[in-house]
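Read through the structure below, which is laid out as structure tokens, and then see the notes.
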Amino acid sequence: MKPPPFAYHNPNTLAEAVSLLASLENAKVLAGGQSLMPMLNMRYAMPDHLVDLNDVAELSGIELRGDALYIGAMTRQRDLELAPIVKERCPLLAEALANVGHVQTRNRGTFGGSLCHLDPASELPAVAMTLDATILVQGKGGKRELPMAKFPLTFMTPAIEPDEIVAGALLPLWPKGHGWAFLEFARRHGDFAVVGVAALLALKSNGRIERAAITICGVGPAPLRLTDAERSLAGALPGEDAFRAAAESAGKIDAIEDVHASKSYRQHLALTLTERALNAAGQRAARRI
Numbered sequence: 071m072k073p074p075p076f077a078y079h080n081p082n083t084l085a086e087a088v089s090l091l092a093s094l095e096n097a098k099v100l101a102g103g104q105s106l107m108p109m110l111n112m113r114y115a116m117p118d119h120l121v122d123l124n125d126v127a128e129l130s131g132i133e134l135r136g137d138a139l140y141i142g143a144m145t146r147q148r149d150l151e152l153a154p155i156v157k158e159r160c161p162l163l164a165e166a167l168a169n170v171g172h173v174q175t176r177n178r179g180t181f182g183g184s185l186c187h188l189d190p191a192s193e194l195p196a197v198a199m200t201l202d203a204t205i206l207v208q209g210k211g212g213k214r215e216l217p218m219a220k221f222p223l224t225f226m227t228p229a230i231e232p233d234e235i236v237a238g239a240l241l242p243l244w245p246k247g248h249g250w251a252f253l254e255f256a257r258r259h260g261d262f263a264v265v266g267v268a269a270l271l272a273l274k275s276n277g278r279i280e281r282a283a284i285t286i287c288g289v290g291p292a293p294l295r296l297t298d299a300e301r302s303l304a305g306a307l308p309g310e311d312a313f314r315a316a317a318e319s320a321g322k323i324d325a326i327e328d329v330h331a332s333k334s335y336r337q338h339l340a341l342t343l344t345e346r347a348l349n350a351a352g353q354r355a356a357r358r359i
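Using the working numbering, read the sequence shown as starting at 71 and increasing by one per residue.
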């Protein structure tokens with residue numbers, strides 16, 4: 071299978087890439103290409119212009135910025151997976167990355183590309199949602215910041231304009247000593263998740279839960295925060311009873327149904343994986359207070 075014909079553009083700066091997008095009709099941005107290239111070959115995507123960001127060096131990088139982790143949009147997933155700063159300060163991201171495709175795809179796949187592709191079952195948008203990330207966007211009108219909660223418009227559609235590029239993201243870091251877990255069920259390792267769950271827990275000095283964040287992917291058109299479950303855990307003692315009660319809301323999600331799983335099966339997975347993720351996060355947090 072071959073892609074449709076298109077004109078290829080290879081900018082060296084972000085400003086040049088933004089200018090190209092502003093001047094070209096029906097243009098697509100190429101990041102890692104792990105999703106776009108198959109879509110081109112299957113004619114799901116048929117752009118007239120392809121703007122390649124791989125030579126835009128300013129779009130790559132990982133660094134601490136105050137209490138947040140900055141990740142450039144073109145940062146390779148494998149670089150994130152192996153980065154000591156990610157393992158130390160953002161272990162949820164490191165754990166989720168081990169479930170993203172295979173090493174070969176993570177070598178090329180980018181953080182920003184995964185966010186913008188917004189596959190409902192993708193792990194990285196779910197992590198960004200859990201961490202309340204801020205998406206950094208740049209277009210011909212200048213720079214703007216977009217909360218991850220408002221980034222997904224609908225199925226595989228980010229809230230950016232045709233002439234805008236995601237330049238990076240800021241991930242607020244949880245305090246040292248918090249608990250985390252990312253669990254998913256997939257037909258085979260490396261497949262997209264049928265259902266995935268990201269969970270974070272911070273405990274007070276008395277052992278009660280100070281804060282919780284839970285996001286589920288694979289059940290709807292975008293990652294879904296379980297805000298009711300999060301509120302129910304605040305002030306509770308971590309344990310099977312509290313986690314099972316919080317997970318009940320996951321089993322009531324109006325989940326999608328497709329050839330991979332029925333609605334009821336996804337609801338069952340959501341409940342089970344949420345309870346397991348909370349237990350794992352709770353155990354990790356308890357070892358650190």
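We put the beta carbon where it would ideally sit given N, CA and C, even for glycine.
For clarity, every value in this text was computed on a predicted model and none was experimentally measured.
Would methionine 218 be called buried (16 or more neighbouring beta carbons within 10 Å of its own) or exposed? buried
Please give me, in chain order, every unbroken run of the alpha helix (DSSP H) with length at least 4 that falls completely inside the stretch 85 to 146. 106 to 111
Exposure label - glutamine 353; buried when at least 16 CB within 10 Å: exposed
Who are the Cβ neighbours of lysine 210 in its own chain at under 7 Å, not counting the five residues just before and after it? Val88, Ala92 and Asp233
Which partner residues of leucine 273 appear in the DSSP bridge assignment? Ile279
Kindly indicate which three-state DSSP category proline 232 falls into: helix, strand or coil? coil
Is arginine 178 closer than 9 Å to valine 170 when the C-beta atoms are compared? no
Looking only at its chain, what residues have a beta carbon closer than 7 Å to the beta carbon of alanine 306, apart from the 5 residues adjacent to it on each side? Arg278, Ile279 and Ala312
Reduced DSSP category for threonine 83 - H, G, I as helix; E, B as strand; rest coil: coil
On the DSSP bridge list, what partners appear for lysine 213? Gln208
Separation of alanine 299 from glutamate 12, as counted between CA atoms: Summary: the structure shown does not reach residue 12, with the chain confined to residues 71 through 359, and so no result is reported for it.
Which residues bound the beta strand (DSSP E) around threonine 224? 222 to 224
Just to confirm, are valine 289 and isoleucine 326 a CB contact at a threshold of 9 Å? yes
For arginine 295, the residue or residues it bridges with in DSSP: Thr285
Should the stretch 337 to 349 be called in touch with the stretch 246 to 253, which here means at least 3 C-beta pairs below 8 Å? yes
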